[in-house]
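*Asks:*
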Amino acid sequence: MTRRSGVLEFAVLGLLHDAPMHGYELRKRLNVLLGSFRAFSYGTLYPCLKSLVAQGFLVEDNPDTEYVPATALNGKRSKIVYRLAADGKQRFEELLADSGPDAWEDEHFGVRFAFFGQTDRAVRMRVLEGRRSRLEERLERMRSSIARTRERFDDYTLELQRHGLESVEREVRWLGELIETERANRTGRTGAAETTTSDGRGQEAGSSDPPRPPHDRPGRSA
């Protein structure tokens with residue numbers, strides 16, 4: 209399974225965990241959720257749905273309805289409603305519990321973060337810390353690259369590299385704030401002391417709400 213198809217499987221199972229949907233509604237929700245994958249087409253989504261049905265993860269509520277592919281003439285599809293089967297719920301829970309390196313990567317992290325509300329706190333911490341570690345390694349490489357190539361690039365190319373560097377630095381700070389919030393919630397610290405997030409918004413220590421993400425979406429850093 210490719211990373212892209214793995215992200216799509218996780219997102220589909222996660223959305224259907226909330227409520228059954230037909231394909232058109234699911235596609236609209238995916239376009240909002242996945243961000244960098246906004247170019248999803250029926251040709252991408254429906255094979256994924258059919259595969260999940262074949263694996264026993266999804267159930268079609270009206271399986272006797274004939275599948276009608278969209279064409280320029282009819283522009284229609286049969287409105288099969290998809291819902292999670294018991295095996296699909298178990299599969300989604302297994303994916304939620306995965307905190308390995310794939311969950312730290314650009315393609316996965318944003319989608320994993322979208323389902324953090326359903327994720328165990330210990331898993332959230334491992335994913336956040338892994339993502340921060342991965343970006344700190346990227347920062348070191350970017351800084352070394354800029355230092356080595358500074359004299360070979362013009363000012364505009366250097367500014368573009370600095371912009372990418374600042375985007376990663378901003379996400380690292382944001383991740384640090386999220387990690388501190390998770391730790392505060394875990395230890396039950398309370399009080400009126402405020403921390404300042406990267407967007408200048410104050411937040412009480414121990415608050416259950418995580419800091420607001422930076423302008424750039426998670427996983428969209430240069």
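Using this note's numbering, the letters of the sequence shown correspond one by one to residues 209 to 430. Backbone N, C-alpha and C fix where the C-beta goes; we use that ideal spot for every residue, glycine too.
Assign F218 to buried or exposed, taking buried as 16 or more other Cβ atoms, counted over all protein chains shown, within 10 Å of its Cβ.
*Replies:* Here the question's residue 218 lines up with position 10 in the sequence shown. By the 10 Å Cβ count, F218 comes out buried.
*Asks:* How about L347 and V376: are their beta carbons less than 8 angstroms apart?
*Replies:* Within the sequence shown, the letter at position 139 stands for residue 347. Within the sequence shown, the letter at position 168 stands for residue 376. Yes; because the gap between Cβ atoms is below 8 angstroms, this pair is in contact.
*Asks:* Quick check on the DSSP output: what are the complete beta strand (DSSP E) runs of length 3 or more inside the region 283 to 360, in order along the chain?
*Replies:* Listed in chain order, they are 289 to 292.
*Asks:* Please look up how many angstroms separate the CB atoms of A305 and D328, rounded, as I've assumed it's under 8 angstroms.
*Replies:* As a first step, residue 305 is located in the sequence shown; it is residue number 97 there, counting from the start. As a first step, residue 328 is located in the sequence shown; it is residue number 120 there, counting from the start. So it is a contact: roughly 7 angstroms between Cβ atoms.
*Asks:* Relative to the C-alpha of R291, which candidate in E302, S307, F300, E268 has its C-alpha closest?
*Replies:* Counting from one through the sequence shown, the residue named residue 291 turns up at place 83. Checked all of E302, S307, F300, E268; the closest Cα to R291 is E268.
*Asks:* Could you check where the alpha helix (DSSP H) with N270 kicks off and where it finishes?
*Replies:* The sequence position of residue 270 within the sequence shown is 62, counting from 1. Element bounds for N270: n/a, residue is neither H nor E.
*Asks:* Could you tell me which residues DSSP pairs with H230 in its beta bridges?
*Replies:* Along the sequence shown, read from residue 1 onward, the residue named residue 230 stands at position 22. According to DSSP, which records beta bridges pairwise, H230 is partnered with V289.
*Asks:* Quick one: grab the DSSP three-state call for D363.
*Replies:* Numbered from 1 along the sequence shown, position 155 holds the residue referred to as residue 363. Correct three-state label for D363: helix.
*Asks:* Where does Q263 fall in DSSP's three states?
*Replies:* For this step, residue 263 is matched to residue 55 along the sequence shown. Reduced to three states, the DSSP call for Q263 is coil.
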